[in-house]
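Numbering (our numbering), first residue to last: 81 to 556.
No residue lacks a Cβ here, since even glycine has one placed at the ideal position from N, Cα and C.
Here the structure is a predicted model, which is why all the values come from computation and not from measurement.
Please read the structure below before turning to the comments.
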């Protein structure tokens, strides 16, 4: 067999496996594409972005490739056409999107409406003014929204790598729900982007699957710069790395200041594995210093597993044509049974606030929708039911906000949503210490959480705990 063909066959098998192993345990509907199949006699139209978006008509549902892969050129071409030709009823679905969102403009917000599974700053105001929608969903189930036709896609906008000699493009750094949306779309339009890494796993799509492609001078995929690190972030990262992550553990980290600091303090660890939903730039150094080897993993041994990635150009170059990193659909990476199969699974996630019983609010600040569910619940539950009994679920957050308000609170703010229940969390970490909640009653939990709150907030929290519980918090 031609050795150059073998990777495509293996990727095709992995793609089918990911589809079969979605969280519902059901095969996708029969009327879906096999993205890796070369369609005989189909050649995509090569054209400009303005010509490509002629495939969209009023009332259509358009899926947008997300995060760094946001298809900027197609989005702006569509917005210009909507404005110029007075199209209406255009519905958009997506995870987080980067860059300017044209449907935020007054002239377009009544003609294009966004349905977002994850809220970023560029659409936060729209959502909270009722001019865009928030769709709460576990990331593990995001692909099912398309497989089960809860969201029926007329046109998918993708941002893919150039094709290889066999005509295969890669979804690059964003497989997540994108593979599910693409295989269920009536039409797929793609920008061929030289800056998009060619990644492996459930990533391949044959060029014949596209209705139209846009080549040439397209906008590069987005880079995400390093977050500003505070002393609190450093302290939290050190506490987690030195006390909660053991040698040989499989870890899940996101991106941002705290994950970066956890990674910084993991450089002297040995034989770590990675099974995550979101991979960040930190991984390049952990591989280079031999802290991450994936040699002790019990699922996908030898591989870093993720469904999306965000970082800088050096990181994207590391991912390009790198078989060390396996990109699966969110239905695979975030399947709780797959998470549970990993050895010493240690999941580290963030929160906006935590109440004295251990309830975690992560997607809202009071009644204001702020972000989304993502995969926090998937990984926290997967770690808690780990097959080896050694899983750990960790929530990490500074003890106060930038305005000095306590993030350990008596009650979640009015209107705030509970993302992770009090029954799921094992550890809460602030710069002041580690609260171990597993197996503890509400009185003991309040004691643990007050002990890691900011010192200036503890006296008031004790009073509030007494009012809520009817007794004083206590260690025993």
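Output the distance between the C-alpha atoms of residue i and residue j, rounded to the nearest integer angstrom.
i, j, result
"residue 190", "residue 296", "32 Å"
"residue 428", "residue 386", "15 Å"
"residue 289", "residue 282", "15 Å"
"residue 236", "residue 469", "41 Å"
"residue 465", "residue 331", "15 Å"
"residue 102", "residue 413", "Because residue 102 carries a pLDDT of 44, less than 50, the predicted location of this residue cannot be relied on, and the following value inherits that uncertainty. Between residue 102 and residue 413, the C-alpha separation is close to 10 Å."
"residue 280", "residue 548", "52 Å"
"residue 203", "residue 123", "36 Å"
"residue 319", "residue 511", "8 Å"
"residue 172", "residue 141", "6 Å"
"residue 166", "residue 328", "58 Å"
"residue 128", "residue 228", "33 Å"
"residue 543", "residue 443", "27 Å"
"residue 540", "residue 490", "9 Å"
"residue 306", "residue 450", "21 Å"
"residue 80", "residue 503", "The question about residue 80 has no answer here: the residues shown for the chain are numbered 81 through 556."
"residue 315", "residue 321", "10 Å"
"residue 509", "residue 192", "41 Å"
"residue 284", "residue 416", "24 Å"
"residue 177", "residue 195", "11 Å"
"residue 405", "residue 545", "46 Å"
"residue 538", "residue 418", "40 Å"
"residue 182", "residue 175", "16 Å"
"residue 410", "residue 420", "15 Å"
"residue 263", "residue 286", "12 Å"
"residue 391", "residue 179", "15 Å"
"residue 522", "residue 530", "12 Å"
"residue 108", "residue 245", "Only weak support is given to the placement of residue 108: the predicted model assigns it a pLDDT of 47, under 50, and the question is left unresolved by the model."
"residue 354", "residue 249", "25 Å"
"residue 241", "residue 270", "10 Å"
Which residue comes first and which comes last in the beta strand (DSSP E) that contains residue i?
i, result
"residue 407", "405-407"
"residue 423", "Premise fails: residue 423 is in no beta strand (DSSP E) and is neither H nor E."
"residue 434", "433-435"
"residue 238", "235-240"
"residue 150", "It is not in any beta strand (DSSP E) - residue 150 carries neither H nor E in the DSSP assignment."
"residue 367", "Premise fails: residue 367 lies in the alpha helix (DSSP H), 362-368, not in any beta strand (DSSP E)."
"residue 248", "248-250"
"residue 394", "Here residue 394 belongs to no beta strand (DSSP E); instead the alpha helix (DSSP H) covers 393-399."
"residue 285", "284-286"
"residue 268", "267-272"
"residue 384", "384-386"
"residue 293", "292-294"
Just to confirm, are residue i and residue j a CB contact at a threshold of 8 Å?
i, j, result
"residue 317", "residue 345", "yes"
"residue 199", "residue 452", "yes"
"residue 455", "residue 225", "no"
"residue 239", "residue 151", "yes"
"residue 324", "residue 434", "no"
"residue 260", "residue 223", "yes"
"residue 514", "residue 532", "yes"
"residue 293", "residue 272", "yes"
"residue 372", "residue 352", "yes"
"residue 407", "residue 255", "yes"
"residue 400", "residue 277", "yes"
"residue 388", "residue 159", "no"
"residue 366", "residue 347", "yes"
Since I believe residue j is in contact with residue i (beta carbons under 8 Å), could you give me their beta-carbon distance rounded to a whole number of angstroms?
i, j, result
"residue 333", "residue 343", "7 Å"
"residue 163", "residue 187", "6 Å"
"residue 337", "residue 308", "7 Å"
"residue 471", "residue 425", "4 Å"
"residue 154", "residue 133", "6 Å"
"residue 381", "residue 438", "About 34 Å; that fails the 8 Å criterion."
"residue 494", "residue 446", "6 Å"
"residue 247", "residue 149", "Going by Cβ atoms, the distance from residue 247 to residue 149 rounds to 20 Å, so no, they are not a contact pair."
"residue 208", "residue 500", "Not really, about 22 Å apart at Cβ, beyond 8 Å."
"residue 423", "residue 483", "Not really, about 41 Å apart at Cβ, beyond 8 Å."
"residue 274", "residue 291", "Contact doesn't hold; Cβ gap of about 21 Å is too wide."
For the alpha helix (DSSP H) containing residue i, name the first residue and the last one.
i, result
"residue 259", "258-263"
"residue 58", "The requested residue 58 does not occur in the structure, where the chain is confined to residues 81 to 556."
"residue 456", "456-464"
"residue 130", "129-132"
"residue 314", "311-323"
"residue 413", "410-413"
"residue 225", "224-227"
If you measure from the beta carbon of residue i to each beta carbon in chain D, is any gap under 8 Å?
i, result
"residue 300", "No chain D appears in the structure shown, which is made up of a single protein chain."
- Item | alpha helix (DSSP H) runs contained entirely in the region 473-537, provided each spans 4 or more residues | The qualifying runs are 522-532.
- Tell me the start and end of each unbroken alpha helix (DSSP H) in the region 164-219 that is at least 4 residues and wholly inside, in chain order. Qualifying alpha helix (DSSP H) stretches, in chain order: 201-208.
- Message: As an exercise, report each continuous beta strand (DSSP E) stretch of at least 3 residues that is fully enclosed by the region 328-362, in chain order.
- Response: 330-332
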